[in-house]
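Accompanying notes for the structure given below.
There are 2 protein chains.
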Amino acid sequence: MRLKKISATTEERIKAAAKKIFVQKGYAGARMQDIANEAKINKALLHYYFRSKDQLFELIFMENVQKMMPKINSIIDSDDKLFVKIEKFVAEYLAMLSENPFLPLFVVNELSSHPERFIEKLAPLTHGGLKVNKFIQQMQDEVAKGKIIPISPVTLLMNTISLCVFPYLGKPMIQFVFGFDELQYRMILEQRKNEVALFIINSIKK
Amino acid sequence: MRLKKISATTEERIKAAAKKIFVQKGYAGARMQDIANEAKINKALLHYYFRSKDQLFELIFMENVQKMMPKINSIIDSDDKLFVKIEKFVAEYLAMLSENPFLPLFVVNELSSHPERFIEKLAPLTHGGLKVNKFIQQMQDEVAKGKIIPISPVTLLMNTISLCVFPYLGKPMIQFVFGFDELQYRMILEQRKNEVALFIINSIKK
DNA sequence: TCATGGTTTAACCATTTGGTTAATGACTGC
DNA sequence: GCAGTCATTAACCAAATGGTTAAACCATGA
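Going down the list, the protein sequences come from chains H and Z. In this text, residue positions in the first sequence follow the working numbering: the first is 465, and each later residue adds one. In this text, residue positions in the second sequence follow the working numbering: the first is 465, and each later residue adds one.
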């Protein structure tokens, strides 16, 4: 076998390019030529490394999505107390998002247009979704103790994820509606790292 | 001039078809042939009524977006008391969303991939965004009276919009993560009409 | 009834796009 | 230094796609 270094570098360059283009333009909007240009290689080389557009896309998509679910699960399934867990969850989630700001739109889009693909491909990985048992138990305990208002765990989780993800999904929309420029928006996102958990905890505690 | 009815009907059929296909597949993913099929007409007729894919898309997009902003503004700029305003805002917003469940993803996508187009096209309509003056004043008053915690109006609005819109944007993602089927999800959305405003008010009131 | 003008269609065209092929480079072990 | 193999490229191909054209259709008013 030859040195891995050269081929690995090219492969990585392609993957990085593909991620950038796919995330930016979506599957349908992405052109193989765009990806080739971005990676500074010949278009044929794309097909040499990754047979088809479909396969390349699926790989990129899976690689990126697979990073998220386990992290989230590990937090949500931890032994931290409820409020601490919420804080950690939000912190971790927002950190992840600020490293992959375009991932949510990408994921949501693909999941919208080809739901079938993921139910089969993603399900085995996550054992069908979030591990919420422990979390639900915690909430029931806190409700029983009168520490928080009665609220469905699903609602709480959905709200939490909403507040984390939406600013990334809806960035251009929000920027337009409120008239923020890039710098201002970055500051808003930074602020939210402190605000979101508080907002949530405030909304449920008695 | 001939009877309007026939041409109007065809035009409306095309528009309905175009909306469905564009919203479902996005601009790049939508095929003129798909739209023609959906409208049960010849592809050439599309170009007869709406010169190009671009023009057709722009029309559909604008027509649909233009419905939202004024409604939102009228609520946010009303004379209702803060908590009532939040309730009305959420109710109206969610009602609008349940009539156009795919609009948010559509808008967010388009705004993401062609931000330029909208800053010029949309700005004149909304005078640059939301009318938040009165709303800000109200919040400041409530803070001064000690009724609510100090929170930036922008944060509150962003959170509110997040909690309303995200369940529509992220529907397939949430469905997958939590393992909801269509019926279950519809019930979740129904529930939220009651929950969301409470959640928000709870989070800000002292 | 027939000329007129908007409406609709089948056939066609040019370009784009995903994908292939055959030839060239370049590096390795012998 | 040469045979062999992986990496890379230019040229090419077929299908898909947005868009056009010219002819047919059809309701109406003269």
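For every residue, glycine included, the Cβ atom is placed at its ideal position computed from N, Cα and C.
Along the chain, where does the alpha helix (DSSP H) containing residue i start, and where does it finish?
| i | result |
| --- | --- |
| SER667 of chain Z | 646–668 |
| HIS511 of chain Z | 507–513 |
| PHE640 of chain H | 635–642 |
| LYS552 of chain H | 546–563 |
Have a look at the options and flag the residue whose alpha-carbon is nearest the alpha-carbon of residue i.
| i | options | result |
| --- | --- | --- |
| TYR557 of chain H | H:ILE665, H:VAL660, H:ILE668, H:LYS669 | H:VAL660 |
| HIS578 of chain H | H:HIS511, H:TYR512, H:ARG650, H:GLU522 | H:GLU522 |
| SER667 of chain H | H:LYS609, H:LYS635, H:LEU620, H:LEU561 | H:LEU620 |
| GLU580 of chain Z | H:VAL618, H:MET637, H:ASP544 | H:MET637 |
| LEU633 of chain Z | H:ASN573, H:GLN602, H:GLU551, H:THR474 | H:ASN573 |
| PHE566 of chain Z | H:LYS545, H:ASN658, H:TYR512, H:SER576 | H:SER576 |
| ILE478 of chain H | H:PHE514, H:GLY490, H:ALA492 | H:PHE514 |
| GLU475 of chain Z | Z:LEU520, Z:ALA494, Z:ARG495 | Z:LEU520 |
| ASP544 of chain Z | Z:LYS657, Z:ILE615, Z:LYS598, Z:VAL641 | Z:LYS598 |
| LYS657 of chain H | H:VAL596, H:ALA559, H:GLY643 | H:ALA559 |
| PRO678 of chain H | H:MET526, H:GLN604, H:ALA608 | Lying outside 465 to 670, the shown extent of chain H, residue 678 of chain H is not represented and no answer is given. |
| MET532 of chain Z | Z:VAL571, Z:SER516, Z:LEU510 | Z:VAL571 |
| ILE615 of chain Z | Z:PHE582, Z:PHE553, Z:LYS669 | Z:LYS669 |
| ASN564 of chain H | H:LYS595, H:LEU594, H:PRO631 | H:PRO631 |
| VAL641 of chain Z | H:VAL596, H:ILE664, H:LEU653 | H:VAL596 |
| LEU510 of chain H | H:GLY490, H:ALA492, H:ALA480 | H:ALA480 |
| ILE540 of chain H | H:PRO568, H:ARG495, H:LYS517, H:MET622 | H:MET622 |
| LYS517 of chain H | H:LEU594, H:GLU654, H:GLN530, H:ASP498 | H:ASP498 |
| ARG568 of chain H | H:MET496, H:VAL529, H:ALA555 | Here residue 568 of chain H is Pro; the residue named in the question, Arg, does not match the sequence. When each option's Cα is compared against that of PRO568 of chain H, the closest is H:VAL529. |
| LYS611 of chain H | H:GLU654, H:LEU546, H:ALA555 | H:LEU546 |
| PHE663 of chain Z | Z:VAL554, Z:PHE582, Z:THR473 | Z:VAL554 |
| GLU527 of chain H | H:ILE613, H:MET496, H:PHE582 | H:PHE582 |
| GLN655 of chain H | H:ILE524, H:ALA492, H:SER562, H:GLU502 | H:SER562 |
| LEU594 of chain Z | Z:ILE613, Z:LYS609, Z:SER542, Z:GLU502 | Z:SER542 |
For residue i, does the three-state DSSP call read helix, strand or coil?
| i | result |
| --- | --- |
| ILE499 of chain Z | helix |
| ILE612 of chain Z | strand |
| MET465 of chain Z | Bear in mind that a pLDDT of 34 at MET465 of chain Z, under 50, signals an unreliable position, so the number given afterwards is only what the model happens to contain. In this structure, MET465 of chain Z counts as coil in the three-state DSSP scheme. |
| PRO579 of chain H | helix |
| ALA494 of chain H | coil |
| VAL596 of chain H | coil |
| SER516 of chain H | coil |
| ASP605 of chain H | helix |
| SER542 of chain Z | coil |
| LYS504 of chain Z | coil |
| PHE566 of chain H | coil |
| ILE536 of chain H | helix |
| SER471 of chain H | Any reading at SER471 of chain H needs caution, since the residue's pLDDT is 37, under 50, leaving its predicted position unreliable; the model's value is listed next. DSSP places SER471 of chain H in helix when its eight states are reduced to three. |
Count the other CB atoms within 10 Å of the CB of residue i; is the residue buried (16 or more) or exposed (fewer)?
| i | result |
| --- | --- |
| MET465 of chain H | Because the pLDDT at MET465 of chain H is just 34, under 50, the model does not fix this residue reliably, and the value given afterwards should be weighed accordingly. It counts as exposed. |
| ILE470 of chain Z | Bear in mind that a pLDDT of 34 at ILE470 of chain Z, under 50, signals an unreliable position, so the number given afterwards is only what the model happens to contain. With fewer than 16 Cβ atoms within 10 Å of its Cβ, ILE470 of chain Z is classed as exposed. |
| GLN601 of chain H | exposed |
| GLU606 of chain Z | buried |
| ALA500 of chain Z | buried |
| GLN639 of chain H | buried |
| GLY643 of chain H | exposed |
| LYS549 of chain Z | buried |
| TYR512 of chain Z | exposed |
| LYS635 of chain Z | buried |
| ALA494 of chain Z | buried |
| GLY490 of chain H | buried |
With a threshold of 6 Å (Cβ to nearest heavy atom), would residue i be considered close to the ligand SAM?
| i | result |
| --- | --- |
| PHE553 of chain H | Annotation note on the ligand SAM: not contained in the displayed structure, which lists no ligands. |
The region 618–634 of chain H / the region 477–487 of chain Z touching (three or more Cβ pairs under 8 Å): The region 618–634 of chain H and the region 477–487 of chain Z do not touch, with fewer than 3 CB-CB distances between them shorter than 8 Å.
So does the region 535–545 of chain Z actually touch the region 503–515 of chain Z, counting three or more Cβ pairs closer than 8 Å? Contact between the region 535–545 of chain Z and the region 503–515 of chain Z is absent: fewer than three C-beta pairs spanning the two stretches fall below 8 Å.
Any contact of the region 644–654 of chain H with the region 637–650 of chain Z, i.e. 3+ C-beta pairs under 8 Å? Counting Cβ pairs under 8 Å, fewer than three are found: no touch.
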